[in-house]
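Read in order, the letters of the sequence shown are residues 1460 to 1692 in our numbering. Cβ atoms here follow ideal geometry from the backbone N, Cα and C, with glycine treated the same way. Bear in mind the structure is a predicted one, so any value in this text is a computation, not a measurement.
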Amino acid sequence: MRLKFYGIRGSHPTPGPDTVEYGGNTTCFTVDTPEGLKIFDLGSGAVQLGNELVTGQVDADVFLSHQHWDHIQGFPFFKPAYVPGNELRIHGGHQRVERGREQATTIRAKDPGMNYVKGPFMDQQRKDVFPVGLDYLGAEISFTDLEDGQTLGDGTTVTTMYHNQHPGGMFAYRIERNGASIGFTGDYEADKGEEDRRMAEFMRGVDVLIGTHRLLNKKVKYRDLGLLIVDEE
């Protein structure tokens, strides 16, 4: 497995000379495997990834930690999505509020052909906010809601863990092949309780752990958002 980062930031892109060392794009990384390319999150880093991929045919699985804008904002500018013959299988999901409670992503939306992972993509490419609607993209694109504890793939496997340690809930992932493993927590906010124990057990023994950092500056409000941000003071 080959791991490559295209964006590690949270909230919004931060281009400029002060962010050259770590880069200024929001979350996107890839794991290249013999079974094909696996893309994790589609933040603004996905734009550069798309520029690299557009010269060839693309057949890839995309795994979203969640659909907050900084994790999908690169998709409207992801060039392979516009190319006929390319195939993208986008996996993810989030929670909705029903009767005052947050319900798991496995409950499908009522609209035919719609599910929860697809909804935010439709919203950010409505004609009143973006010139090209999702239904006009050239690639074959599917959207699939995931479940907690699900394992996908042959050879290289991706296992999910759903947690509520970020507003709206999200998925963590464990990628494994031939004894090697990579873990991705997403925007995880530690609670020093049961969720921390679940996460520790889920990630136990991974060779590479892609985690998140809370803001280190004590003066910063909302410092526990779990965002992938490095204090650069």
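Option nearest residue i by Cα separation, candidates the options
i       : options                               : result
Ala1649 : Gly1578, Thr1618 and Asn1623          : Asn1623
Gln1532 : Gln1507, Ala1639 and Arg1461          : Gln1507
Ala1639 : Thr1492, Arg1468 and Tyr1465          : Thr1492
Asp1666 : Gly1551, Tyr1621, Phe1580 and Arg1636 : Arg1636
Val1509 : His1550, Tyr1465 and Glu1480          : Before going on, a small fix: residue 1509 reads as Gly here, not Val. Nearest option by C-alpha distance: Tyr1465.
Leu1496 : Glu1511, Glu1480, Val1521 and Val1542 : Val1521
Cys1494 : Glu1606, Asp1594, Gly1664 and Gly1612 : Just to set this straight, residue 1494 is Glu in the shown sequence, not Cys. Checking every option, the nearest Cα to that of Glu1494 belongs to Gly1612.
His1550 : Leu1593, Glu1511, Val1513 and Glu1606 : Glu1606
Counted within 10 angstroms of its Cβ, other Cβ atoms place residue i as buried (16 or more) or exposed
i       : result
Leu1668 : exposed
Gln1516 : exposed
Phe1589 : exposed
Lys1651 : exposed
Gly1504 : buried
Pro1539 : buried
Gly1642 : buried
Asp1500 : buried
Own chain residues within Cβ distance below 7 Å of residue i, not counting five before or after
i       : result
Asp1587 : none
Asp1529 : Gly1469, Ser1470, His1471, Thr1485, Thr1486 and Gly1502
Pro1579 : Gln1526 and Ile1531
Ile1600 : Ala1540, Leu1547 and Ile1549
Inter-residue Cα distance where the pair is residue i and residue j
i       : j       : result
Thr1564 : Asp1604 : Low local confidence applies: a pLDDT of 39 at Thr1564 is under 50, so the model's placement there is unreliable, with the coordinate-based value given in what follows. Roughly 7 Å separates the two Cα atoms.
Gly1645 : Lys1577 : 19 Å
Leu1523 : Thr1615 : 17 Å
Val1617 : Ile1634 : 5 Å
Tyr1632 : Thr1619 : 5 Å
Gly1597 : Leu1547 : 11 Å
Arg1585 : Met1662 : 38 Å
Gly1482 : Thr1610 : 32 Å
Phe1693 : Asn1545 : The chain is shown only over 1460 to 1692; residue 1693 falls outside these bounds and no answer can be derived.
Phe1534 : Val1591 : 12 Å
Gly1664 : Arg1657 : 14 Å
Own chain, CB closer than 6 Å to residue i, minus 5 neighbours either side, in chain order
i       : result
Lys1463 : Thr1489
Asp1655 : Ala1649
Met1629 : Ser1524, His1525 and Gly1645
Distance between beta carbons of residue j and residue i, contact taken as under 8 Å
i       : j       : result
Thr1485 : Pro1474 : Between Pro1474 and Thr1485 the Cβ distance is about 11 Å, and since that is not below 8 Å, they are no contact.
Contact set for residue i: own chain, Cβ-Cβ below 8 Å, skip 5 residues either direction
i       : result
Gln1583 : Trp1528, Ile1531, Gln1532, Phe1534, Pro1535 and Phe1589
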